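Report on one structure; see the data block that follows.
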Amino acid sequence: VGVLFASLINFHVMYEEQYEGGKFYARILNEFYGDIEELFVDPRFSNIEKIKTIGATFMAASGLQTDSNDENSIKSVCDLIEFALAFQETMHQFNQALLNFAFEIRMGLNFGPVTAGVIGTTKLFYDIWGDTVNVASRMDSTGEKGKIQVPEYVALALKDKYQFELRGEIDVKGKSRMTTYFLKANSNK
């Protein structure tokens, strides 16, 4: 399963400082996520599911409904990378319509096994858990503006399909040090 976290890293500027105690911000964020969710109509992204939004962070996963053989796993991760690139482009187009403000994004992506399930009895909530999810989240939180960060094993598994730039070793909570890479822009092979 591929897991993507995408965070609007400057959302707090709009929320705290500029607009009516956050009311306007909530409308803007809702419009932005609405534009992102329109990507799910695209047949290329049919195996990608929005898991949740947590404030200004969007979480999606691919391959939850496919067989777990290597070929399907790689395809679902490639689909998620294409979704992440489309996410960035959608944000760029959204920013062109905003006056005096532009969202900035940071993304983290990982793949591997996850546990998925529905929590609750009256207000049901579907979620995924596990080390794969935690590492994807850390790739986001330790990433850089405008970039998609992945752990080394993701870059190695996808080196025939995409180009990656070595970032180096970084401290990752719960993992000590990890070697990570950034996806190069326009790197589809």
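Note that our numbering has the sequence shown beginning at 30, numbered continuously upward. Glycine residues also receive a C-beta, built at the ideal position from the N, C-alpha and C atoms. Keep in mind it's a predicted model, so treat the numbers as computed, not measured.
Counted as a single uninterrupted DSSP element, the stretch harbouring ARG73 is not any beta strand (DSSP E), since DSSP gives it neither H nor E.
Contact between the region 110-121 and the region 66-73 is established, with three or more Cβ pairs separated by less than 8 angstroms. In the DSSP assignment, VAL30 falls outside any alpha helix (DSSP H), carrying neither H nor E. Under DSSP, GLN178 forms a beta bridge with GLY137 and PHE211.
For LYS81, the three-state secondary structure derived from DSSP is strand. Taking a C-beta distance under 8 angstroms as the contact criterion, ILE157 and LEU212 do not qualify as a contact pair. In the three-state reduction of the DSSP assignment, ILE199 falls in the strand class. LEU127 counts as exposed, since fewer than 16 other beta carbons sit within 10 angstroms of its beta carbon.
Considering only PHE132, PHE69, GLU60 and ALA184, the residue with the shortest C-alpha distance to MET207 is ALA184.
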